[in-house]
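Line by line, the protein sequences are chains A and B.
All the letters of the first sequence, read from the start, carry residue numbers 259 to 559 under the numbering used here.
All the letters of the second sequence, read from the start, carry residue numbers 3 to 391 under the numbering used here.
We put the CB at the ideal spot given by N, CA and C, even for glycine.
Please read the structure below before turning to the comments.
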Amino acid sequence: MAEPEFEYELTRGFLPGHRACAGCGQAAAVRIAMEVVGPRCIVANATGCLEVFSTPHPESAWGVPWIHSLFENTPAVASGIEAALRNQGKLGDIRVLGFGGDGATLDIGFGALSGMFERGHDVLYICWDNEAYMNTGVQRSGSTPFAAATTTSPAGTRSFGENRPKKNLPAIAAAHDIPYVATASMSYFADLRRKVKKALDVRGPRYLQVHVPCPPGWGYEEHLSMEVGRLAVECGLYPLVEWENGQITRVRKIKKIPVEDYLKTQRRFRHLFRSDAGREQIKKIQELADESIRKYGLVDE
Amino acid sequence: MRKMIEGSRAVAEAVGLCRPGVISAYPITPQTHIVEELSQMVADGDINAEYVRVESEHSAASVCLGAVAAGSRAYSATTSQGLMLMAEVLYNIAGMRLPMVITGVNRSLSAPLSIWNDQQDTLALRDSGWLQLYAENNQEVLDMHIQAYRISEDDRVLLPVMVCMDGFILTHTYEVVDVPTQEQVDAFLPPYNPLYKLDPDDPYTLGAYAGPELYQEIRYEIQRDALAAKAVVKEVAAEFQAAFGRWSGDVLDPYRCEDAETIIVAMGSVAGTAKDWADARREAGDRIGILRLRCYRPFPREELREALTGARRVIVLEKAVSVGGYGIVTAEVRAALYGQPKTPPVSGAVCGLGGRDITFDTLDEMVRRAEGGETDFFAGLRTELLEAQ
């Protein structure tokens, strides 16, 4: 193995050789983000898939300083790192990042995240949103979409899966009037790169929520992650939106495909296609998408 | 410089002299005066620290964790429910071998809600990997904080230290305290310079997970180093005496124990009352001694054995109880004496819960009942309030 190549890899924050599943949307998105972030950063990472598949001691996939503490405290750990760097006069070119899955971010770490926003820490927090507790075996989180079946919101004779729509954390983050909030998708590389770069260009608390398809959790073939992620955005269920200082400043326009085109690609929605009552749920999902399209102006009139 | 100050102020001045880079805390009675004083010191520029005003104790401990990992000295203070909320993070800090100091203000746990003193809260964290020191008075509170950073940051230890002080009894009491100068403390406590930290110029992965092939050895090392920290506690006490000219340290504080027939083992401020009481009882001819447990973690097993051998009776004064079991310290004192020749009987007297005063009468009752053969009991109980069985 040629040494220069190894050195080149080390300049990337996130290195190959980790243990993510084939087709993992999160691993791909993290790699893209870390290429933009570069080596001058410190990453605080919540418990979850990313933590587990990247750091089985004594191995590590991280070429940048990285810390994992607990599940729900990553925003606070990142706040402490930022405060320490500020006190040492080293905050200048070092970027502090907080990473967590949707469970860590929307559910158990929600209070800590709000605290980090409200105190104004210079931290870029990225939620890798795969819409359930994947690390523990696909249990329902606050980010699980309406009618998705998980192991704790299963479909059954009296259930169509998750009975509530996703928590809209980006809007809640934006309500903190922080400098920058955006949603992105692993399936839109250029858009994701641009948003990470934009987030790095401002200081203060910033929030990115990146949709990362999960082959085992959602139930589709590993080579389809890009396609599934794209369909989520194009049907309007995962709007790509940017907020600056609490105001929406940019949205990604979509072609507007029927939600059915997205739902039918995944096992977690399979039960909806098996009965008339299930099809009624699909109509409700279409209404959710239509509402999102209207609210964010995703389709040009 | 000798000053007449509140215990909380003594803590704040000691912490300030230790030059923390990051302070993070959440307000809870009776810890509040400590963090108010530190906030003012930061606001006035008296100390160059970041004060991070968090939304919970869980986050306070987590902010400190991140700060220490990034190479800053960190401090927090809490009590009771706050300590319980922090508990998960406290285990994590110890497991990650991040040195720092927390003031564990001693207060009872809910329910029923009570803001008053006992030691149930910090004792609930005895297994966390934090070293625990218990102070008797406010001079010791101040001295202990300065020593705590030295102990914690020692390369042989690298474990966090909790300085435990009785809520209200110490935190809200004014006493004359000798406050050292910044130069003295700087000479005693060098800047925090960790072996490993989060640094883009020298990247490390901290907090990786360990499988069954590695976990046990990592936990073994924590236990090994915590036990070995006993020598460091003693060493630092000696160095403190050399630097500041007063003896304030070690793992045990014996009072009139040499010829004592009955020895009361106690932790914290109640030892002061107990010492006065021992003096009075000795005037009446009773050979009573007080053995104050100053360092509870690591547990000074050998020293306790030596100090208690020769006594005819040992009574452990417990300001907490392991519900469904026994007094927490009592069980450990008994275990320390187990299998020794000429083991004295050990009684455990639970008292002073939720701020109930421990008086000479309480102490007399403890001795009377222990002499009557009772082994585990509540002293100072208002039996007239109890429901009929």
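Simplified DSSP state of residue i, which is helix, strand or coil
i	result
T361 of chain B	coil
D278 of chain B	helix
E267 of chain A	Only weak support exists for where E267 of chain A lies, its pLDDT of 48 falling under 50; the coordinates are left without a value.
A338 of chain B	helix
W476 of chain A	helix
G358 of chain A	strand
C66 of chain B	helix
R299 of chain B	strand
T408 of chain A	coil
A27 of chain B	strand
R307 of chain B	helix
V331 of chain B	helix
R461 of chain A	coil
H529 of chain A	helix
D558 of chain A	coil
Q397 of chain A	strand
D156 of chain B	coil
Endpoints, beta strand (DSSP E) assigned at residue i
i	result
V107 of chain B	103 to 108
Y554 of chain A	Note, Y554 of chain A: premise wrong, no beta strand (DSSP E); alpha helix (DSSP H) at 534 to 554.
T507 of chain A	505 to 509
A351 of chain B	348 to 352
R4 of chain B	4 to 8
T81 of chain B	76 to 81
H469 of chain A	464 to 469
V54 of chain B	52 to 55
T258 of chain A	Look at the range of chain A in this structure, 259 to 559, and you will see that residue 258 of chain A is not part of it.
Exposed unless 16 or more other CB atoms sit within 10 angstroms - verdict on residue i
i	result
K344 of chain B	exposed
P193 of chain B	exposed
H147 of chain B	buried
R532 of chain A	exposed
F264 of chain A	Bear in mind that a pLDDT of 44 at F264 of chain A, under 50, signals an unreliable position, so the model cannot answer this.
L229 of chain B	exposed
K541 of chain A	exposed
L19 of chain B	buried
Y176 of chain B	exposed
F301 of chain B	buried
A260 of chain A	Its pLDDT being 44, under 50, A260 of chain A is placed unreliably by the model, and the measurement read from it follows with that caveat. The residue in question, A260 of chain A, is exposed, as its Cβ has fewer than 16 Cβ neighbours within 10 Å.
F527 of chain A	buried
K232 of chain B	buried
K513 of chain A	exposed
I325 of chain A	buried
F362 of chain B	exposed
L172 of chain B	buried
W279 of chain B	buried
G361 of chain A	buried
W249 of chain B	exposed
R370 of chain B	exposed
Of the listed residues the options, nearest to residue i (C-alpha basis)
i	options	result
G494 of chain A	A:R510, A:L349, A:R464, A:F329	A:R510
L328 of chain A	A:G373, A:F311, A:G358	A:G358
K321 of chain B	B:N140, B:M6, B:A126, B:R99	B:A126
W320 of chain A	A:V335, A:E340, A:H379, A:R298	A:R298
G341 of chain B	B:T311, B:M167, B:V352, B:V325	B:T311
L308 of chain A	A:L498, A:A287, A:E293, A:G296	A:A287
T81 of chain B	B:L111, B:E57, B:A96	B:L111
S343 of chain A	A:V381, A:V322, A:M392	The amino acid at residue 343 of chain A is misidentified as Ser; the sequence shows Leu. The candidate whose alpha carbon is nearest that of L343 of chain A is A:V381.
P182 of chain B	B:L387, B:V70, B:F379, B:A14	B:A14
A336 of chain A	A:V322, A:A302, A:V310	A:A302
For residue i, the first and last residue of its enclosing alpha helix (DSSP H)
i	result
Q186 of chain B	184 to 190
P316 of chain A	Per DSSP, P316 of chain A belongs to no alpha helix (DSSP H) and is neither H nor E.
A313 of chain B	Premise fails: A313 of chain B is in no alpha helix (DSSP H) and is neither H nor E.
S483 of chain A	483 to 492
C307 of chain A	307 to 312
M374 of chain A	368 to 376
Q243 of chain B	217 to 246
Any C-beta of chain D under 7 Å from that of residue i
i	result
P192 of chain B	Chain labels in this structure do not include chain D; the protein chains are A and B.
(request) Using a Cβ-Cβ cut-off of less than 7 Å, give me the residues of the region 325 to 347 of chain A that come near chain B, in sequence order. (result) I325, H326, S327, L328, N331, A334, V335, A336, S337, G338, I339, A341, A342, L343, R344, N345, Q346
(request) Below 9 Å between beta carbons is the criterion; list the residues of the region 76 to 98 of chain B that meet it against any residue of chain A, in chain order. (result) A76, E90, V91, N94, I95, M98
(request) Name, going along the chain, the residues of the region 109 to 138 of chain B whose beta-carbon falls closer than 9 Å to a beta-carbon of chain A. (result) none
(message) For the region 302 to 319 of chain A, list every residue whose C-beta sits within 9 Å of some C-beta in chain B, in sequence order.
(response) A302, N303, T305, E309, V310, S312, T313, P314, H315, P316, E317, S318, A319
(message) For the region 47 to 58 of chain B, list every residue whose C-beta sits within 8 Å of some C-beta in chain A, in sequence order.
(response) N50, A51, E52, V54, R55, V56, E57, S58
(message) Please list, in chain order, the residues of the region 372 to 390 of chain A that have any C-beta partner in chain B closer than 9 Å.
(response) S372, G373, M374, E376, R377, H379
(request) Taking a Cβ distance cut-off of 8 Å, strictly less, list which residues of the region 22 to 36 of chain B are near chain A, in chain order. (result) G23, V24, S26
(request) Residues of the region 284 to 315 of chain B with a CB closer than 7 Å to any CB of chain A: list them in chain order, please. (result) none
(message) Give me the subset of the region 142 to 173 of chain B whose CB atoms are less than 7 Å from a CB atom of chain A, sorted by chain position.
(response) none
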